[in-house]
Amino acid sequence: MPEGHTIHRAARDHRKVLAGQVLGVSSPQGRFAEGAKRIDGLLCTGVEAYGKHLIYHFEQGLSLHIHLGLFGKLRKSKLPLSEPKGAVRVRLVGPGHVIDINGPNTCEVLDEPELLTLTARIGPDVLRADADRDRAYHRISKSKAPIGRLIMDQSVMAGIGNIYRTEILWRLAIHPFTPGRELNRGDFDRLWEDAVALLEIGVWRNSIITTELVPKGRGRLTERVNIFGKKVCPKCKGNVECREIANRKVYLCEACQPAV
DNA sequence: TTGATTGTTACCGG
DNA sequence: TCCGGTAACAATCA
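Residue numbers (the numbering used here): 1 to 260.
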């Protein structure tokens, strides 16, 4: 489920619901390491996203670090408490709402130095105002690795996942196997700005939407993409190829995204 | 039961 | 040192 937009959306939402409140924190299906620092009954001082990592800040310099991985899910519901559904590893209980965190890849309490170590290894996040895009360009411009690998490398730039990778490169007519150092600054800036725009739409609509024409109206918002998982290129009607980069499927149109 | 999946990390060899 | 490949882990659904 989670690319960067999911996590940023949760951070913005959970901040409203939990920040400034003393939380009950439990682990119905135990996931905290034995001897982990306790955060239940502490004041939640903020919620923040760094790429796909979600950080709940608490008093005493402690924070809860969540990474949903491929399968994890967040579920918010109103009090009163209901039975946890599925593999709930952490349950955050505020004055009016409950956040259940199902099947996260990472779920740990960090102190300040540990949080610094974590954030230091996460690249500039396209959805963060403080992101330093020059840092991302610096890495990309020096690498011969395919751009399809680099933009999904969270230490190069954070937030893009497998679907956005395919969609962004198609929108910019960049072949996924293009070496990073072949991109000029203009290409990179367009790529960065398209990532920001698409992920912001994702946050707003709570769904991956990369097509230009999104039907208005109140219909249920489902995922709308151009070529991810498709057979026919919507632009040229040609064949969509499916290849692999970094062990994940990437789709491309050889006609619209010519190799360099 | 099998396979696939909007993710990450550790480890190994070139 | 860097880079690419592989395995492992996570949970759910068709």
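Every residue gets a Cβ at the ideal spot worked out from N, C-alpha and C, and that includes glycine.
In this text the structure is predicted, and so the values were computed from the model without any measurement.
- Three or more beta-carbon pairs separated by less than 8 Å are not found between the stretch 68–81 and the stretch 36–43, which leaves the two stretches without contact.
- In the DSSP assignment, Asp125 is bridged to Ala158.
- DSSP places Ser26 inside the beta strand (DSSP E), whose first and last residues are Gly24 to Ser26.
- Distance from the Cα of Gln29 is smallest, within the candidate group Arg89, Arg75 and Gly46, for Arg89.
- Gly159 and Tyr50 have their C-alpha atoms roughly 8 Å apart.
- Across the structure, Gly86 and Asn102 are spaced so that their CA atoms are roughly 7 Å apart.
- The C-alpha of Gly46 is placed about 6 Å away from the C-alpha of Tyr56.
- Spatial neighbours of His67 in its own chain (CB-CB distance under 7 Å, excluding positions within 5 residues in sequence) are listed in chain order as Lys52, His53, Pro104, Asn105 and Thr106.
- Straight-line spacing of the CA atoms in Ile245 and Arg149 works out to 6 Å.
- Taking the C-beta atoms as reference points, Ile147 is found no nearer than 8 Å to Gly186.
- Non-local beta-carbon contacts of Asp194 in its own chain, meaning distances under 8 Å to residues more than five positions away in sequence, involve Ile168, Arg171 and Leu172 in chain order.
- Apart from sequence neighbours up to five positions away, the residues of its chain that approach Arg135 with a beta-carbon distance below 8 Å are Gly123 and Pro124, ordered along the chain.
- Counting only the Cα atoms, Ile163 lies some 9 Å from Lys249.
- Rounded to the nearest whole angstrom, the CA to CA distance from Leu92 to Gln257 is 45 Å.
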